[in-house]
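Going by the numbering used here, the first residue of the sequence shown is number 1389, and it counts up by one from there.
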Amino acid sequence: MKYIRLQFSLVMGVCLAVSCLVSATAQAQLVCLPAPRLLTTMPMGGQVGTTFELTITGEDIDDADELSFSHPDITATPTLGKDGLPVPNKYTVTIGKDCPVGVHEARVMTRLGVSSSRAFNVGRLPEASQTAANTTLETAKKLELNSICNAVMSRQKIDYYTFEAGKDQRVIVDCAAKGIDSKLNPVVIIADERGMDLVVERRGGMLDFKVPETGKYVIKVHGLTYDGGPYHFYRLAVKNVARDEFVPRMPSIKKVSAFSWPPAGLTNEMLKPEVEPNNARAKAQKITLPCDISGSFFPAADVDTFEFTAKKGEVWWVEVASERLGRPTDPSIVVQHVSGSGSEVKVTDLVELSDIPSPVKVSSNGYSYNGPPYNAGSSDIIGKVEIKQDGVHHLQIRDLFGGTRNDAKNIYRLIIRKAAPDFALVGWALHMNLRNGDRNALSKPIALRGGATMPLEVVVVRRDGFDGEIELFMENLPEGVTATGLKIGKGKSRGTMLITAAEGAPRGLTSAKFFGRATINDQVVTRPCTLASMQWPVKNAWSEVPSPRLMADVPVSVSTSEQAPITIASAEEKVWEVTAGEKLTIPLKHVRRSEFSGANITLKTYGEGFDRNKVFDAPLKEDASEAVLDLATLKTPPGEYNIAFGGYAVVKYRENPNAVALAETELKQAQQEATALAAEAEELQKKGDAAAKEAAAKAKTAQAAVAKADKQLKQATAKAKPKDIVDIIFSKPITIRVNPAKKAK
1389 MKYIRLQFSL
1399 VMGVCLAVSC
1409 LVSATAQAQL
1419 VCLPAPRLLT
1429 TMPMGGQVGT
1439 TFELTITGED
1449 IDDADELSFS
1459 HPDITATPTL
1469 GKDGLPVPNK
1479 YTVTIGKDCP
1489 VGVHEARVMT
1499 RLGVSSSRAF
1509 NVGRLPEASQ
1519 TAANTTLETA
1529 KKLELNSICN
1539 AVMSRQKIDY
1549 YTFEAGKDQR
1559 VIVDCAAKGI
1569 DSKLNPVVII
1579 ADERGMDLVV
1589 ERRGGMLDFK
1599 VPETGKYVIK
1609 VHGLTYDGGP
1619 YHFYRLAVKN
1629 VARDEFVPRM
1639 PSIKKVSAFS
1649 WPPAGLTNEM
1659 LKPEVEPNNA
1669 RAKAQKITLP
1679 CDISGSFFPA
1689 ADVDTFEFTA
1699 KKGEVWWVEV
1709 ASERLGRPTD
1719 PSIVVQHVSG
1729 SGSEVKVTDL
1739 VELSDIPSPV
1749 KVSSNGYSYN
1759 GPPYNAGSSD
1769 IIGKVEIKQD
1779 GVHHLQIRDL
1789 FGGTRNDAKN
1799 IYRLIIRKAA
1809 PDFALVGWAL
1819 HMNLRNGDRN
1829 ALSKPIALRG
1839 GATMPLEVVV
1849 VRRDGFDGEI
1859 ELFMENLPEG
1869 VTATGLKIGK
1879 GKSRGTMLIT
1889 AAEGAPRGLT
1899 SAKFFGRATI
1909 NDQVVTRPCT
1919 LASMQWPVKN
1929 AWSEVPSPRL
1939 MADVPVSVST
1949 SEQAPITIAS
1959 AEEKVWEVTA
1969 GEKLTIPLKH
1979 VRRSEFSGAN
1989 ITLKTYGEGF
1999 DRNKVFDAPL
2009 KEDASEAVLD
2019 LATLKTPPGE
2029 YNIAFGGYAV
2039 VKYRENPNAV
2049 ALAETELKQA
2059 QQEATALAAE
2069 AEELQKKGDA
2079 AAKEAAAKAK
2089 TAQAAVAKAD
2099 KQLKQATAKA
2109 KPKDIVDIIF
2119 SKPITIRVNP
2129 AKKAK
């Protein structure tokens, strides 16, 4: 677990010292209570309509039982051993014949709740797995055309494969790695039968190979820096395709930026292709607004020019998707007014459009430091064009990265429309911001301990001038779990979703539904909120850059094996009322289930209308405290609000203390049985009974069981030894009604 030093800042950018760390001690602290994380599956996917065995690995996946997927047509049951008992971490997976092709999510339910997800791919080609070393030409694994092989790259090695093909066949070799949550940067080579290189792909693309002569060919795969290990897995597809067939890449996970695409209600009914040549102004492609165009930044240095007429005072909104389609592009647009003709032509720049900015400030070092380690912005475009003069206008679009790139797959979609105000939402588990340079970017599944409240940070990309407030809500939660949204205020970019498990909530797992709701043009509009997570838990400050991505669904779970270290809530569950301009004091109760290092927790107020409230300290060794809200300072207008208080505390965490009690019971039973068997063997030996030898053997086996049980108890006791872990602590949400001030007579 990642170590941090002495000071922290609250998530909203307010730098605060954790009160329990004010002393000069330099003792390092662990960050975040343990959470289950699924790290690998082998294989990483499967063919529609098949059943196969799958093996998992992970962190804190003790007693993993149910393996589940984001799509109901993928099911799993524990693999049973010869003794009829489940084999740890092995499952029999079935993919239904109607399961859609693409990337789904796999996760396991554990003692601590649901794990983080791992990408799981479903395709239509037959699949195989790398089951033996194939790191020499002599041990190359043979692949059939139109098949996929699941494999893991060994460090400082090259994996070899062979395939056979006929002259002039078109063979596609596609290696999925980064797009399926792998840490591998693959280099893929097609060579002749002797292993001499013919074509090479070093940038993660696919090889499109025209077979020169009938025979055997070799595929070589290795890491860009010859790195490898269990987290450097890949799926290698070899396909025989028609000469003119368009071949898409294997399905891939989506970047966080992709959450804002497509606009609601987008169809292909008006879609028209870009037509080359259209680089020069004289050959500009004529279009009529509104329009929906598909094009590509091809060939290298391509500039696509479109011509349209418009009238003074018209306002058009322009949106471009390319980076959000998974392409390594940076679209840029210039709109110009064109007057005159021939040598008298006059071109006047109207507007230049570029990136969609991140809705909130992103961490400056890529880790959770002074902002979230998630970037919801994009190099794509959402922008406004205001027409200043009647007449002809040109729109030029180019890829700022495209000067030397010659890839027809660098596509874009250009939409020009009248204002259609709307919004798109994405959320992620709140991270601690570490102001002293430590780095922390952990995958944080919604795995709730009883009595805990987990905050999700939610941000919005607004479309076409929409600036209204957005209510956040969730549906289909496990029993005993509630969700309360702290709304995104008018013109604001950030809100919070609080997910709370009751102290006695039963163990459970659901795929929740997460939404935002707003009123636009007098109509109530509801949009889904996509969840983002880290692909890998990054704990070492210098080892790797975190890689966030979008998830396919929103799994929410409750564990009964542990309870939250502390629950902070208002003393009464009611709507707290206050008159605008006055003070409101809310008594808080603390239900403490753990010890803490330090005397206080410094709490910040979260929630629209109250987020400027002064921070305050709450005692960690007392059962009560109080929060004071000064509405004269806050100037919160009348209305109903949801708020919460949040901060950091250092918990003296004991890992699975129940395991200690269980181990003690098992040791006691083993000792009793061993004592009884030893006495029986001794008695039979005194009598010279023929059964004495067999009884002595049983006594010896029982004594070995005692030694094993004693070892398990020592291990459980060592794990349960208290250790300091810094964690985010949030109160249960509180509802406040601000009443209008009475008018003076």
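Glycine residues also receive a C-beta, built at the ideal position from the N, C-alpha and C atoms.
In the structure shown, residue 1511 falls within a strand segment according to DSSP collapsed to helix, strand and coil. Annotated as distal: residue 1752 and residue 1828, with beta-carbon spacing of 8 angstroms or more.
The beta-carbon separation of residue 2113 and residue 2041, rounded to 5 angstroms, stays under the 8 angstroms limit for a contact. The secondary-structure analysis by DSSP pairs residue 2007 across a beta bridge with 1988. Inter-residue distance for residue 1587 and residue 1526 is about 21 angstroms (C-alpha atoms, whole angstroms). Secondary-structure assignment with DSSP links residue 1447 through a beta bridge to 1425. DSSP places residue 1754 in the coil class of the three-state scheme, outside both helix and strand.
If you draw a 10 Å sphere on the C-beta of residue 1632, you find fewer than 16 other C-beta atoms in it, and that means exposed.
By the beta-carbon neighbour count (other beta carbons within 10 angstroms, threshold 16), residue 1728 is exposed. Taken through DSSP and simplified to helix, strand or coil, residue 1950 comes out as strand. The three-state secondary structure of residue 1923, taken from DSSP, is coil.
In the same chain as residue 1980, and ignoring 5 residues on each side of it, the C-beta atoms closer than 6 angstroms to its own belong to 1954, in chain order. Look at the beta carbons and you see the segment 1576-1590 not touching the segment 1500-1511: under three pairs across the two are nearer than 8 angstroms.
Residue 1496 is a Cβ neighbour of residue 1454, given a cutoff of 8 angstroms. Every unbroken stretch of the beta strand (DSSP E) spanning 3 or more residues and falling wholly within the segment 1810-1864 is given here in chain order: 1810-1817, 1834-1838, 1841-1851, 1859-1863. Closest in C-alpha terms to residue 1990, from the list 2021, 1966, 1956, comes 1956. Going by beta carbons, residue 2087 and residue 2065 fall inside the 8 angstroms limit. Note: residue 2030 is bridge-paired with 2123 in the DSSP secondary-structure output.
Between residue 1559 and residue 1618, the beta carbon gap of about 30 angstroms keeps them out of contact (Cβ cut-off 8 angstroms). For residue 2055, the uninterrupted alpha helix (DSSP H) run begins and ends at 2045-2075, by DSSP.
For residue 2090, same chain residues with a beta-carbon under 6 angstroms away, outside a window of 5 residues either side, are 2061, 2062, 2065 in chain order. In the DSSP annotation of this structure, residue 1572 is not part of any alpha helix (DSSP H), being labelled neither H nor E.
Within the segment 1870-1933, the runs of beta strand (DSSP E) that reach at least 3 residues and sit entirely inside it are, in chain order, 1882-1889, 1896-1908, 1911-1922. With respect to residue 1439, residue 1427 sits apart: the two C-beta atoms are not nearer than 8 angstroms. Shown here, residue 1700 sits in coil according to DSSP, grouped into three states, outside any helix or strand. Taking a cut-off of 8 angstroms on C-beta distances, the segment 1954-1973 does not touch the segment 1898-1910, as fewer than three cross pairs fall below it. For residue 1440, DSSP records a beta bridge to 1481. Under the rule that a run must span 3 or more residues, the beta strand (DSSP E) segments found entirely inside the segment 1717-1792 read 1719-1727, 1734-1741, 1769-1774, 1779-1787. Residue 1575 is not a Cβ neighbour of residue 1561, given a cutoff of 8 angstroms. Pairing residue 2013 with residue 1786, the inter-Cα distance amounts to about 59 angstroms. Note that the C-beta distance between residue 1903 and residue 2032 is not below 8 angstroms.
Taking 4 residues as the minimum length, the segment 1515-1545 contains no alpha helix (DSSP H) run wholly inside it. For residue 2103, the enclosing alpha helix (DSSP H) starts and ends at 2080-2107.
Per the C-alpha coordinates, the member of 1889, 1789, 2094, 2027 positioned closest to residue 1967 is 2027. Residue nearest to residue 1691 within the set 1782, 1750, 1994 is 1782 (criterion: CA-CA distance). Residue 2014 carries a strand assignment under DSSP once its states are collapsed to helix, strand and coil.
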